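Heads up, the working numbering is the position in the sequence shown plus 11, with the first residue counted as 1. Following: one structure in structure tokens, then a few remarks.
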Amino acid sequence: MEALLLTLAVVATMANAVVYGTDVFSALVQRPAMAHVDDAALTSAMGQIHRFGDRRMPVPGVFGLVATVGTAAVAGFEGKTTPSVASGVAALALVVWLAIYNKVSAPVNKELTGAALDCRVAPDARGLQRTWDSVINVRVLLQAVALGGMCVALAAS
């Protein structure tokens, strides 16, 4: 069981780090860069980014959430309180992240992707981007909590 616990914790940490790093890049680089382009460039660039991101990012996201929940379950079964609680907190942070993504980010992604694929400027492209930007910092924070929780779970395992 020890090997399973460590394997799940490592997979969860690595997969969640991919999503965390993507969100950090978006907050630190993408957001300010997109503020300096016109609406056509914003629609095209962000639409294409979301086109590929929404197809590819679920893979590490699902692996991360499943492995995080698995870590909490195995640690709990083994009676390891610290890793169980830490990975449980991480799982909760990921579920909240997913809810915010589905409620706020995904609809914006869909609109910008559709406009980019149709080679048109999204109506209110700037407003759509502001909506997306409005949750990126909280998404980063939730991913940081999840990644920190998994680091604690690993260290205490």
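Glycine included, every Cβ here is placed at the ideal spot set by N, Cα and C. All values reported here derive from a predicted model rather than from experimental measurement.
- Here L15 is near V85, since their CB atoms are less than 7 angstroms apart.
- In this structure, DSSP gives G90 a state outside helix and strand, which the three-state scheme calls coil.
- The three-state reading of DSSP puts P134 in coil, since its state is none of H, G, I, E or B.
- According to the DSSP assignment, H61 belongs to the alpha helix (DSSP H) that extends over D50 to R67.
- Judged by DSSP secondary structure, L128 falls within the alpha helix (DSSP H) whose first and last residues are A117 to L128.
- Under the DSSP assignment, A166 falls in the alpha helix (DSSP H) whose first and last residues are I147 to A167.
- In the structure shown, A46 falls within a coil segment according to DSSP collapsed to helix, strand and coil.
- Taking the CA atoms as reference points, L103 sits about 16 angstroms from A28.
- A distance of 7 angstroms or more separates the beta carbons of T54 and A117.
- Only residues of its own chain outside the window of five on either side were considered, and among them A20, A23, T24, N27, T79, T82, A97, S98 and A101 have a CB closer than 8 angstroms to the CB of M161, listed in chain order.
- Comparing C-alpha distances from L158 to each of G87, L76, N113 and Y112 shows the shortest one belongs to L76.
- Contact holds between the stretch 29-38 and the stretch 143-156, because three or more Cβ pairs, one in each stretch, are under 8 angstroms apart.
- Assignment of M12 by DSSP, reduced to helix, strand and coil, places it in the coil class.
- Contact between R42 and I147 holds, since their C-beta atoms are separated by about 6 angstroms, short of 8 angstroms.
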